[in-house]
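In the UniProt record's numbering, the protein residues as written are 1 to 372.
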C-alpha cells in the first residue's frame with residue numbers, strides 16, 4: 001500500500017509558565033547539533049538571552065547559530081513572519097528543517113493553532129507537530145492555583161516538561177507530576193533535564209502527521225501505551241507515578257477530560273452530527289478534541305484534531321492494522337461536567353442522527369464548526 005509521506009514543515013509551540021526556564025531550554029536546543037537545523041521564532045531576541053559565544057552571524061531579523069540553527073524575531077504579524085521564513089528557505093537563503101515558536105508567558109496557544117490552519121499558505125506548507133509546556137517544580141503548583149490560563153495551557157499540551165526538579169523536594173515534584181497527569185492524561189510528562197540531554201524528545205509529538213506509525217498515533221491519543229517512568233532522583237530518567245489522588249484546585253475542577261472507545265464503525269451522519277453539536281454549543285470551551293475514527297463502508301480510518309471551533313484537515317491512516325477497528329476519541333473541555341460529556345458520547349452510540357441536537361438542553365448554538 002502506498003502511504004503518503006509528510007512533506008509539510010513541522011512547527012512546535014513552546015509554552016510555559018513565567019520563570020519556568022524556556023530560555024534555558026531554547027539555548028540548549030539551539031546549541032545541539034543532533035537536533036537538526038531549527039528556526040526558533042521569538043518575540044524579541046533580548047528575551048531569550050542567546051548564548052553570544054554560539055552566534056555566528058546576525059542581521060536585523062535572523063540570528064544564525066554555529067550549530068546551524070537560527071533564531072528569528074517576530075516583526076508584526078506571525079503569519080507574515082512564518083511566510084517570510086518559508087520563502088527564504090525555498091529560495092535557499094536560509095536552511096532549516098523545522099520551526100519552534102516560543103509563546104510569551106501564559107499566552108493561549110489556540111490563536112497560533114488557528115493561524116496555522118486558517119492561513120492558506122501555512123496550511124499547505126506547515127503542520128503543527130506538537131505543543132510543549134514547561135512547568136517549574138518550585139512554583140508550578142502555586143501558578144496552577146492562581147492562574148486558570150496555566151491550567152488551560154497544561155491541559156492542552158502534547159508534552160509537559162517539569163523544570164527545576166533539582167531544586168524542589170522529591171515529594172513536591174511527585175505531587176506536581178500527579179496533578180499534571182490528572183489535568184492532561186494523554187500528555188507525555190518528562191523533566192527538562194531529559195529534554196536538554198535529548199532535544200529530539202520535543203519533536204514528532206503529533207498524531208496528525210501523514211504516514212505516522214500506528215504506535216505513534218496511539219501514543220498521541222493516550223499515555224496508557226507507555227511504560228511507567230522511573231524516579232528522577234534515582235536514575236534521572238523520568239518521574240515515578242504516584243498512586244495518590246491529587247488535590248484539585250477550583251481552577252483544575254473547571255477542566256474535564258473524557259474519552260470513549262467504540263468497536264463498531266460509526267455512521268458518518270452520526271459522527272458529523274455529534275461534532276457539529278458539540279462545537280456549536282461549547283466551541284469556545286473545547287480545549288482539545290482528537291480521535292481515531294472508523295466510518296461505515298470506508299476501509300481506512302482517519303485521525304482528527306481540533307481546538308475550539310477550528311479543526312485540522314483529517315488525515316487518513318492508510319497503514320493502520322486491519323484487525324484494529326476501534327474508534328478512540330478524547331475531549332478536553334472547560335466548564336463542562338463529565339455527565340455532559342458522557343451524554344454527548346451517547347450520540348455516537350446512536351444508530352442514526354436525530355434531526356435536532358438534544359443532548360445539551362437549554363444551550364443555544366453559538367459557534368459553527370469549521371470542518372473540511
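Yeah, the Cβ is synthetic: ideal placement off N, Cα and C, and Gly gets one too.
For residue 309, the three-state secondary structure derived from DSSP is coil. Residue ranges of uninterrupted alpha helix (DSSP H) with 4 or more members, entirely inside the UniProt domain "CobW C-terminal" (255 to 349) and ordered along the chain, are 268 to 282, 338 to 348. When secondary structure is reduced to three states using DSSP, residue 152 falls in the helix class. Judged by DSSP secondary structure, residue 188 falls within the beta strand (DSSP E) whose first and last residues are 188 to 191. For residue 8, there is no enclosing alpha helix (DSSP H), as DSSP gives it neither H nor E.
Comparing C-alpha distances from residue 197 to each of 281, 10, 32, 330 shows the shortest one belongs to 32. If you compare the alpha carbons of 104, 86, 103 with that of residue 97, the shortest gap goes to 86. With respect to the 8 angstroms criterion, residue 184 and residue 146 are not classified as neighbours on the basis of their beta carbons.
Exposure of residue 337 is indicated by the presence of fewer than 16 other C-beta atoms within 10 angstroms of its C-beta. For residue 263, the closest alpha carbon among the candidates 277, 280, 285, 292 is that of 292. Counted as a single uninterrupted DSSP element, the beta strand (DSSP E) harbouring residue 133 occupies residues 126 to 136. By the beta-carbon neighbour count (other beta carbons within 10 angstroms, threshold 16), residue 169 is exposed.
With fewer than 16 neighbouring CB atoms inside 10 Å of its own CB, residue 296 falls in the exposed class. Partner residues in the beta bridge of residue 100, as assigned by DSSP, are 12, 40.
By DSSP's assignment, residue 162 forms a beta bridge with 135, 191. Considering only 290, 29, 91, 24, the residue with the shortest C-alpha distance to residue 330 is 290. Counted as a single uninterrupted DSSP element, the alpha helix (DSSP H) harbouring residue 111 occupies residues 110 to 118.
Residue environment: residue 261 is assigned as exposed (fewer than 16 neighbouring CB atoms within 10 Å of its CB, all protein chains considered). Residue 80: member of the alpha helix (DSSP H) spanning 78 to 91, first to last residue. Nearest in C-alpha terms to residue 24, of all of 278, 281, 192, 124, is 192. Counting C-beta atoms within 10 angstroms of its own C-beta, residue 269 has fewer than 16 neighbours from the protein chains shown and is therefore classed as exposed. For the pair residue 37 and residue 77, the CB atoms are not nearer than the 8 angstroms cut-off.
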